[in-house]
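Take a look at the structure set out below.
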């Protein structure tokens, strides 16, 4: 009987005591990721990549229903293209990885490994868009990008290479471009809630924090368990900034030449990190049922007698459940049931089914919820249905907990003293009246480390004076320390 | 009425007269691809990327059934890792694109943009593989790779960046590793035949032509319409070459330390090019029905009277057919039916449905096959079924034609004179007895330009003397000029 010691495989820290160490341990020990010799770049092992497959497939399906087509543009972008839009250039060049040699040849012009693809895509869009008949043009790509950040890398959360979607649209009018925002952010929000069981706050980025090259940026902001905010997916209205720089022009119905109105949107593999951080506990990961690679693990429990009967019954249960669910039968020899329980709890499988000689005899099984640890017996006739309702209940419970965590971190503050006190003592988001001036935003960041994550779309509670300068508030903004 | 001239949108050359010019025109004018400012790198426009989505999805589904898991490894590979396996290093370094700078920082060690991922993956495998219990380890990734070739680039066929799958397995025994070959090549062959309607010849690569680092390489070889061969997907048995270089070791059941036995396999976006080249005609592309992004295009035909009735009926037919097929209703105003016919023929939609006032009245439609141009009337009650059987018939016809083309290019030759004569006059594959010596293989290549594409698995017809040296033939090899 092979028994690894708990301290080799299990977690050695509690989530509540040392979140960042817990986060890295849970990802590495569960087998989600591994580090490589390239700093800031990780391996997505099968459990992690399977999550991305589920997330991207769910979103891609919704994009296609909304009329988006997928394309693929080259990885490498000539330096002169990157230089065409000034704000964009300044935002990205400090982080660009440059290809300067191929084989033994030194290139005449450096090629950027795409940090994002506006510049190379829009050079083509300029050729393709001629008439109002060509619009809207709504293309998307699922790919890899590099941003060579020098801040401390954290798997998924801040990686030098990540996977994402980048949607890039051209519309004939400003109104149509802006109208896309609600649909795209709606898709992101729905998939985050319905599949990942992660809530978020939808809002506008401040002028200071908006995307390099955008007119208006909107984001969904998440809350991490340590009280730091983290940006999720976003949608940018670029106005005519890029279309003017790249000459994306069209003849409208009246035969006038107009510049196109553009948007950009993205969701990244960062969400895998948010998911793990949000739902996990001191035993390991808890996978949200709808995107769990394995939804049900069956662990047969036998001593010397009854081995064959337990194995046979377990196999039958596995076959039955596989019709409706993603099931793993863990019939490995040489590992104790306790060892297997710990391993699957670490990996976060939502439901464990235990089957011993007693269960075989009574034609029932024990099911154990990963989120609550609750155990109960179920007869095999109602098992398939019970698994379905329990997976649903686990999803609801995970979302409820995540939403409660997010809410507990949102503090309505009226004064700067209260702001500083709560930020220091409770962390999280300071939901505060703001005059709209960048000077106050910058001072607050300088003095507290909190930036504006976003300005919630919901402004029903707008009232009071700017927490910093005391002038009339223009909007309620969310300030937080942010990953 | 907007009518572009045929020479703007249509093809200006015949496939049989100038194949390479036809190939580029058909890809660009149909809207499959566009060129970019980066030489050798193309844009996959929606019609091209949709093909890759269908191909990769079909293959991925089969891989998963066979027990393969997907992963994602970093794009960049440190130079020292690339240097670990000598044959591999020599094979790839002349084509590597190097990242040497990030932001303003010059890197201490160059990072290769992956040309293939053996080296970075196997450094991790060495950490993960400990015991026979960890085997087989069968991982795959779908990603982009760069190979900075200096030969003339051709879209899909020879691109500096391409998309592919790279499967990398470790087995406990040589036999298990070799047994994977039949399953993987079987999956590739099945998808190529059943989805792309493309045949191929399965065989072993010669020692000279095998993969850099492999013990044995097997490939599926296609034939292009111009009589040049082109390599399709492949599977390599690497023996212990990489496991020794990377220290991928495990404890077997007897507690002995052994090196793993490895394999590698891939299919690339090159198949899109083979598909277009194989099936297309002087009117444009012909999409194989099972992977066609649009399987049926409906073109309403109206003059002044009956417009509304035709539009309404066409819309109803479209809705009905959408239940089972991928359907596009081309109800654009301002384009004539003839213009639309040409456009959809260029893009290769397998079936066109024509609906005019006469059809509305008779409750029937005209369906036109893209492959044969055959037209016939179908009543709406049997339409859905008829579309299904016609799509099936088109698939069969395309495969039959492609297979006939391939066969017509395989020449059984007994002597070197016959070899040279047929190669010059008929092109294609010289299926010839060979002594197995690299010296003959090299002389033949030097003198005729034909290399060994592969040595067919089927050796039933082995007989005769080596076409070059006259010694007893060891095997029948296929020699061809190859892309």
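Residue numbers (our numbering), protein chains in the order written: chain A, 33 to 515; chain B, 33 to 515.
Ideal placement from N, C-alpha and C gives every residue a C-beta, glycine not left out.
Cβ-based burial, residue i [other Cβ within 10 Å; buried from 16]
| i | result |
| --- | --- |
| residue 500 (chain A) | buried |
| residue 498 (chain A) | buried |
| residue 489 (chain A) | exposed |
| residue 173 (chain B) | buried |
| residue 424 (chain A) | exposed |
| residue 118 (chain B) | exposed |
| residue 443 (chain B) | buried |
| residue 411 (chain A) | exposed |
| residue 510 (chain B) | buried |
| residue 206 (chain B) | exposed |
| residue 449 (chain A) | exposed |
| residue 408 (chain B) | exposed |
| residue 148 (chain A) | buried |
Within chain B, partners of residue i - CB distance below 8 Å
| i | result |
| --- | --- |
| residue 159 (chain A) | 66 |
| residue 156 (chain A) | 66, 68, 75 |
| residue 465 (chain A) | In chain order: nothing, as chain B lies at least about 38 Å away. |
| residue 127 (chain A) | 134, 135 |
Beta-carbon contacts of residue i that lie in its chain and below 6 Å, excluding the five residues immediately before and after
| i | result |
| --- | --- |
| residue 512 (chain A) | 261, 461, 482, 485 |
| residue 502 (chain B) | none |
| residue 264 (chain A) | 232, 252, 254 |
| residue 243 (chain A) | 249, 268 |
Interface partners of residue i on chain B, CB under 7 Å
| i | result |
| --- | --- |
| residue 113 (chain A) | 69 |
| residue 361 (chain A) | Within 7 Å Cβ-Cβ: nothing; residue 361 (chain A) doesn't reach chain B, min ~14 Å. |
| residue 471 (chain A) | Simply none; closest approach about 29 Å. |
| residue 81 (chain A) | 102, 103, 104 |
| residue 563 (chain A) | The question about residue 563 (chain A) has no answer here: the residues shown for chain A are numbered 33 through 515. |
| residue 152 (chain A) | 68 |
| residue 27 (chain A) | Examination of residue 27 (chain A) is not possible in this model, given that chain A is present from 33 through 515 alone. |
| residue 85 (chain A) | 102 |
Beta-carbon proximity list for residue i, same chain, < 8 Å, skipping 5 on both sides
| i | result |
| --- | --- |
| residue 79 (chain A) | 62, 63, 64, 325, 379 |
| residue 167 (chain B) | 161, 202, 203, 204, 282, 292 |
| residue 91 (chain B) | 197, 219, 220, 223, 299 |
| residue 183 (chain B) | 190 |
| residue 36 (chain B) | Reliability fails at residue 36 (chain B), whose pLDDT of 43 lies under 50, so the model's placement of it is uncertain and the value that follows must be treated cautiously. Cβ within range, chain order: 371. |
| residue 171 (chain B) | 100, 101, 102, 103, 153, 199, 200, 201 |
Chain B residues whose Cβ lies nearer than 9 Å to that of residue i
| i | result |
| --- | --- |
| residue 78 (chain A) | 101, 102, 103, 171 |
| residue 130 (chain A) | 131, 132, 133, 134, 135 |
8 Å contact criterion, which residue i and residue j should meet: CB distance rounded
| i | j | result |
| --- | --- | --- |
| residue 203 (chain B) | residue 99 (chain B) | Wrong, their Cβ atoms sit about 12 Å apart, outside the cutoff. |
| residue 66 (chain A) | residue 110 (chain B) | Not quite, the Cβ-Cβ distance comes to about 15 Å (not below 8 Å), so this is no contact. |
| residue 301 (chain A) | residue 268 (chain A) | At roughly 19 Å, the Cβ-Cβ gap does not stay under 8 Å, so residue 301 (chain A) and residue 268 (chain A) are not in contact. |
| residue 314 (chain A) | residue 43 (chain A) | 6 Å |
| residue 342 (chain B) | residue 389 (chain B) | 6 Å |
| residue 232 (chain A) | residue 254 (chain A) | 5 Å |
| residue 289 (chain A) | residue 434 (chain A) | Not quite, the Cβ-Cβ distance comes to about 49 Å (not below 8 Å), so this is no contact. |
| residue 152 (chain A) | residue 105 (chain A) | 5 Å |
| residue 375 (chain A) | residue 41 (chain A) | 7 Å |
Beta-ladder partner(s) of residue i, from DSSP
| i | result |
| --- | --- |
| residue 333 (chain B) | Answer is none; residue 333 (chain B) lacks a bridge partner. |
| residue 514 (chain A) | A:261 |
| residue 143 (chain B) | B:110, B:131 |
| residue 362 (chain A) | Its beta-bridge partners do not exist; DSSP assigns none. |
| residue 249 (chain B) | B:268 |
| residue 287 (chain B) | In the DSSP output, where bridge partners are listed per residue, residue 287 (chain B) has none listed. |
| residue 297 (chain A) | A:199, A:267 |
| residue 173 (chain B) | B:198 |
| residue 488 (chain B) | B:235 |
| residue 91 (chain A) | Partner(s): none; residue 91 (chain A) has no beta bridge. |
| residue 466 (chain B) | B:507 |
| residue 374 (chain B) | Looking at the DSSP assignment, residue 374 (chain B) forms no beta bridge with any residue, so it has no partner. |
Chain-ordered chain A contacts of residue i [CB-CB under 7 Å]
| i | result |
| --- | --- |
| residue 73 (chain B) | 106, 108 |
| residue 180 (chain B) | 134, 135 |
| residue 143 (chain B) | 70 |
Sequence-distant residues of the same chain with beta carbon closer than 7 Å to residue i, five excluded per side
| i | result |
| --- | --- |
| residue 316 (chain A) | 43, 58, 62, 377, 378, 379, 380 |
| residue 319 (chain B) | 380, 381, 382 |
Contact list for residue i against chain A, beta-carbon separation under 8 Å
| i | result |
| --- | --- |
| residue 195 (chain B) | 104 |
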